[in-house]
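Going by this note's numbering, the letters in the sequence shown line up with residues 480 to 723, in that order. Every residue gets a Cβ at the ideal spot worked out from N, C-alpha and C, and that includes glycine. All figures in this text were calculated on a predicted structure; none of them were measured in a lab. Taking it in order: structure first as structure tokens, then the write-up.
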Amino acid sequence: AENERSTWMRFHTQTAGVSLTAQQPLNNLTRVAIQALAGILGGTQSLHTDAYDEAWAVPSEDAALLALRQQQILAEEAGVANTVDPLGGSYFVETLTNQTEQRAWAYIKRIDEMGGMVRALEAGYPQAEIADSAYEQQREIGAHEREIVGVTKFADPDEELKIPLLAISEVQERRHLDRLARVRSERDSAAHAAAIRRLEDEARRGDVNLMPAIVAAVEAYATVGEMCGVLRTVYGEYKEPLAV
């Protein structure tokens with residue numbers, strides 16, 4: 480790299496939705512808090528904390544607010560962001576960092592040998608790796624090699640769901656559809672057609688940055704569905720190879 484800024488490790492952290500359980504869902508608050516703390520201690524630049532009820536439904540407003548409060552408590556009360564590298568010098572953490580780096584480079588080398596990430600995706604390599612990892616984790620849970628509190632250990636056979644779940648209002652859905660219909664009927668049809676045509680023409684060229692055409696389509700009140708439809712027409716629809 481010619482510019483030192485190119486070597487900076489910028490990354491976003493999202494807590495692990497796969498770790499959330501439908502059983503005893505309030506336990507997820509603890510899981511998410513621990514994961515968020517790990518991300519902050521690791522130096523993440525941005526953080527998303529999952530809501531505790533996501534194993535059941537789209538988060539309720541209260542659950543989403545609690546997820547935000549977890550971050551705020553860590554930042555404002557625990558003060559974990561006050562030190563740049565609070566775990567620096569830890570033999571254990573430094574060892575894990577070295578191991579992670581070695582394994583990451585091994586993956587990068589393997590993908591380069593395949594001809595790059597596009598070729599690896601076409602061959603189903605990352606999909607198979609993810610599927611294998613998920614299978615192995617589920618096997619460990621089933622064999623009690625990996626315990627899940629409230630599921631494989633300390634479960635409550637008489638548990639009843641006691642958390643409020645988000646209910647999507649049919650009235651709100653109807654209202655949104657009415658707004659969409661009104662936008663379609665009131666927009667400048669000539670400007671809309673021209674913007675859609677421009678997007679399709681530039682997509683077919685294949686050597687043009689499509690963002691200006693997409694912005695122009697948005698300004699002409701083209702919908703996301705209409706723009707995606709154009710791109711599907713030009714590029715086709717991706718079919719992920721079966722990972723075995």
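Count the other C-beta atoms from every protein chain shown that fall within 10 angstroms of the C-beta of residue i, then say buried if there are 16 or more, exposed otherwise.
i           : result
residue 532 : buried
residue 497 : exposed
residue 637 : exposed
residue 693 : buried
residue 581 : exposed
residue 542 : buried
residue 528 : buried
residue 617 : exposed
residue 507 : buried
residue 701 : buried
residue 696 : buried
So who's on the other strand from residue i, going by DSSP bridges?
i           : result
residue 632 : 628
residue 526 : 492
On the DSSP letters alone, give me the boundaries of the alpha helix (DSSP H) that residue i sits inside.
i           : result
residue 671 : 668-684
residue 570 : 570-592
residue 664 : 649-665
residue 642 : Element bounds for residue 642: n/a, residue is neither H nor E.
residue 518 : 506-520
residue 612 : 604-621
residue 600 : 596-601
residue 638 : Looking at the DSSP string, residue 638 is not in any alpha helix (DSSP H), and its letter there is neither H nor E.
residue 687 : Taken as a continuous stretch (DSSP letters only), residue 687 belongs to no alpha helix (DSSP H), as it is neither H nor E.
Among the options, which residue has its Cα nearest to the Cα of residue i?
i           : options            : result
residue 563 : 518, 637, 701, 704 : 518
residue 524 : 543, 703, 489      : 489
residue 511 : 539, 547, 541      : 547
residue 780 : 585, 676, 720      : With the chain represented from 480 up to 723, any question about residue 780 goes unanswered, as that position is not in the structure.
residue 565 : 539, 543, 549, 520 : 520
residue 553 : 509, 583, 652      : 509
residue 644 : 610, 650, 690, 534 : 534
residue 705 : 629, 663, 568      : 663
residue 555 : 713, 572, 516      : 516
residue 606 : 721, 707, 483      : 721
residue 561 : 522, 669, 501, 684 : 522
residue 683 : 569, 700, 660, 712 : 712
residue 492 : 526, 514, 485, 686 : 526
For residue i, which three-state DSSP category applies?
i           : result
residue 563 : coil
residue 717 : coil
residue 501 : coil
residue 547 : helix
residue 538 : coil
residue 553 : helix
residue 710 : helix
residue 646 : coil
residue 558 : coil
residue 533 : coil
residue 481 : coil
residue 486 : helix
residue 701 : coil
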